[in-house]
Amino acid sequence: MTDATAARVVVVGAGLGGLRTAEQLRAKGFRGELVIVGDEEHRPYTRPPLSKELLAGTMSPPDVAFDVRADLGAHWRLGTGVAAARLDERVVVLEDGEELGYDGLVIATGVRPRRLPVPGPEADRFTLRNLAHSLALRRRLRAGVRLCVIGAGFIGCEVAATARRLGAEVTVIAPESVPMERPLGREFGGVLRELHESRGVRFMLGHEVSAFEAGSAGREVVLSDGCRVPFDVAVEAVGSVPAVEWLAGNGLDLSDGVACDGRLRVQGRREVVAVGDVARFPNALFGGPASRVEHWNIPVETARRAAATLVAGLTGSEQEPAHFGPLPAFWSNQFDTRLQSYGAPWLGAADVRLLDGDWTRAAEPIMAGYHRDGELVGVVGTAPPRSFIPHRTAILAAAKKTMRRTP
Amino acid sequence: MKIEVDYDLCENHAQCVFAAPDAFRMNASDELEFDAEVDDSLREDVQSAADACPVQAIRITG
Ligand SMILES: Cc1cc2nc3c(=O)[nH]c(=O)nc-3n(C[C@H](O)[C@H](O)[C@H](O)COP(=O)(O)OP(=O)(O)OC[C@H]3O[C@@H](n4cnc5c(N)ncnc54)[C@H](O)[C@@H]3O)c2cc1C
Ligand code: SF4
């Protein structure tokens, strides 16, 4: 490799995407210096258990750590974030003021929880993104605790299920008419609502939160219609905000994560790539505008692609073709049900067709197909994993047809 | 090359089946089956399978 042994790649963000990119750089022959900077104290760990097993107490922090191969040969800079970057000079600035030059930069900073923009005291309010959040919340969850979950997305529903199993009295408050309405549509949302209600979770849907208050009777969530919900612990699970502030001032499009091309290059720069939850990339399988996808397999897939781009950039060799079409894959465990999703159901939420099961029987396996212009773009279900295989194949086949039609 | 799967960890997510169908498959009762020894030409696929497994159940030995 031409002179790349003298090169330095800096990975910002020590999560799944950062780790997999580092591994892939080595697998693709990068022998230079590899620096991984992370603002958390920990080596990379897997986040899905934070709302499930770790929160339930059936896993402990060592169980969530990723295996890091000894021969990765990375220099870890943990516990200090990156505060700024000057891409034209190829420099990142750490929070303690230290400047680190690079020949290649990997943007892998993920997202952080969005906060509710409402007034009120902060006490007893939690969000959930990292290990510290999960452990702090876990200390407060026990039988009889009144938990208010604000937001009925995946993380909100998972927290509700875990807390309910621990015996907490759980109320979920959200503006939608059913849980997970936006990504999955009304019918599937109804199934999930039924699943949760049958286990004693209470929903207050169609409500916006307007404030938190500390009254004489304890803490309360105040809803926009004036209704008050008393709580001991509240969790705000109202979506996420990409962690991109450190990239400001470089003329980048940071409107929703970091805009990149199909090679995951940022602003067409050969030496800067983005991966994982923070990367907004065009997906050749589905066409349309570039988007971010917060699914576990996306950091893995983008890491592979981004590492190839960086290595090609560093060695001056041929870039891989521009088409990049990873199939998003997601799962979510709620009570004894495992929901799995393949493809881009959110693109087909206006045309949902039942492929198997019965919308009114939430306890039985269900499979739903999501269609755009009559073509299958996503499948979501609670059916056994094997039954997804033909549907997944059908999504890929339909997508490839569309790809041929669009120049 | 040799493959090991820790069945105590495996949750039958089937991600490995998609990444390396020549080494991993789901049987009729929805359990994972795999070839403990596969040709070296499958190394990249099997590595992708190990990377994609949500519970890190797959080990490549040798
Ligand atoms: C509670 C929870 C449950 C989930 N459950 C599921 C699930 O069941 N199924 C599923 O498919 N997906 C799930 N996900 C999503 C999945 O975990 C994410 O898609 C994945 O973690 C994204 O990886 P990433 O590397 O892009 O970002 P992250 O894992 O968030 O890593 C980014 C890292 O960068 C750090 N960082 C941020 N800013 C800076 C800075 N300026 N300097 C240095 N470091 C910085 C962050 O602290 C973090 O450590 C879940 C996520 C959460 C939070
Ligand atoms: S991906 Fe992992 S959990 Fe899923 S079937 Fe394969 S080994 Fe098991």
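Same order as they appear, the protein sequences are chains A and B.
Take 464 as the starting number for the first sequence in our numbering and just add one per residue.
Take 33 as the starting number for the second sequence in our numbering and just add one per residue.
Cβ coordinates follow ideal geometry from the N, Cα and C atoms, glycine included.
Just so we're clear, the structure is a prediction, and the values are computed from it rather than from any experiment.
Proximity below 8 Å, CB of residue i to CB of residue j
i                     : j                     : result
residue 646 (chain A) : residue 615 (chain A) : no
residue 738 (chain A) : residue 480 (chain A) : yes
residue 507 (chain A) : residue 478 (chain A) : yes
residue 81 (chain B)  : residue 42 (chain B)  : no
residue 650 (chain A) : residue 795 (chain A) : no
residue 594 (chain A) : residue 513 (chain A) : yes
residue 865 (chain A) : residue 750 (chain A) : yes
residue 490 (chain A) : residue 474 (chain A) : no
residue 531 (chain A) : residue 495 (chain A) : no
residue 760 (chain A) : residue 711 (chain A) : no
residue 592 (chain A) : residue 580 (chain A) : no
residue 694 (chain A) : residue 611 (chain A) : yes
residue 557 (chain A) : residue 504 (chain A) : no
residue 652 (chain A) : residue 644 (chain A) : yes
Contact test: residue i Cβ vs ligand 1 heavy atom, cutoff 7 Å
i                     : result
residue 634 (chain A) : no
residue 511 (chain A) : yes
residue 479 (chain A) : yes
residue 547 (chain A) : no
residue 502 (chain A) : yes
residue 793 (chain A) : yes
residue 608 (chain A) : no
residue 741 (chain A) : yes
residue 842 (chain A) : no
residue 758 (chain A) : yes
residue 618 (chain A) : yes
residue 754 (chain A) : no
residue 709 (chain A) : yes
Any non-hydrogen atom of ligand 2 within 7 Å of residue i CB
i                     : result
residue 56 (chain B)  : yes
residue 44 (chain B)  : yes
residue 802 (chain A) : no
residue 87 (chain B)  : yes
residue 79 (chain B)  : no
residue 37 (chain B)  : yes
residue 47 (chain B)  : yes
residue 761 (chain A) : no
residue 90 (chain B)  : yes
residue 482 (chain A) : no
residue 64 (chain B)  : yes
Classification of residue i by the beta-carbon crowding that lies within 10 angstroms, buried from 16 upward
i                     : result
residue 723 (chain A) : buried
residue 808 (chain A) : buried
residue 782 (chain A) : exposed
residue 39 (chain B)  : exposed
residue 465 (chain A) : In this prediction, residue 465 (chain A) scores a pLDDT of 46, lower than 50, which makes its location untrustworthy; the coordinate-derived value is nonetheless stated afterwards. By the 10 Å Cβ count, residue 465 (chain A) comes out exposed.
residue 561 (chain A) : exposed
residue 51 (chain B)  : buried
residue 36 (chain B)  : exposed
residue 772 (chain A) : buried
residue 816 (chain A) : exposed
residue 578 (chain A) : exposed
residue 870 (chain A) : Unreliable positioning characterises residue 870 (chain A) in this predicted model, as indicated by a pLDDT of 48, which lies under 50. The coordinate reading is nonetheless provided below. Looking at its Cβ environment, which holds fewer than 16 other Cβ atoms inside 10 Å, residue 870 (chain A) is exposed.
residue 762 (chain A) : buried
residue 69 (chain B)  : exposed
residue 46 (chain B)  : buried
residue 75 (chain B)  : exposed
residue 786 (chain A) : exposed
residue 469 (chain A) : exposed
residue 586 (chain A) : exposed
Distance between beta carbons of residue j and residue i, contact taken as under 8 Å
i                     : j                     : result
residue 630 (chain A) : residue 607 (chain A) : 6 Å
residue 571 (chain A) : residue 709 (chain A) : With a Cβ gap of about 12 Å, residue 571 (chain A) and residue 709 (chain A) do not count as contacting.
residue 733 (chain A) : residue 776 (chain A) : 3 Å
residue 699 (chain A) : residue 692 (chain A) : Actually they are not in contact, since the Cβ atoms of residue 699 (chain A) and residue 692 (chain A) sit about 14 Å apart, beyond 8 Å.
residue 725 (chain A) : residue 747 (chain A) : 7 Å
residue 768 (chain A) : residue 802 (chain A) : Actually they do not touch by this definition, with Cβ atoms about 27 Å apart.
residue 662 (chain A) : residue 627 (chain A) : 6 Å
residue 62 (chain B)  : residue 848 (chain A) : 6 Å
residue 707 (chain A) : residue 721 (chain A) : 6 Å
Reference residue i; option with closest CA among the options
i                     : options                    : result
residue 639 (chain A) : A:627, A:619, A:801        : A:619
residue 648 (chain A) : A:812, A:557, A:752        : A:812
residue 810 (chain A) : A:839, A:823, A:773        : A:839
residue 66 (chain B)  : B:93, B:48, B:87           : B:48
residue 564 (chain A) : A:589, A:612, A:498        : A:498
residue 519 (chain A) : A:587, A:825, A:510, A:625 : A:625
residue 521 (chain A) : A:598, A:584, A:814        : A:598
residue 836 (chain A) : A:861, A:847, A:828, A:826 : A:861
residue 877 (chain A) : A:554, A:687, A:511, A:789 : In the structure as shown, chain A begins at 464 and stops at 870. Residue 877 (chain A) is therefore absent and cannot be evaluated.
residue 492 (chain A) : A:859, A:778, A:850        : A:778
Where residue i meets chain E, residues with beta-carbon distance less than 8 Å
i                     : result
residue 760 (chain A) : Given the protein chain composition of this structure (A and B), no chain E is represented.
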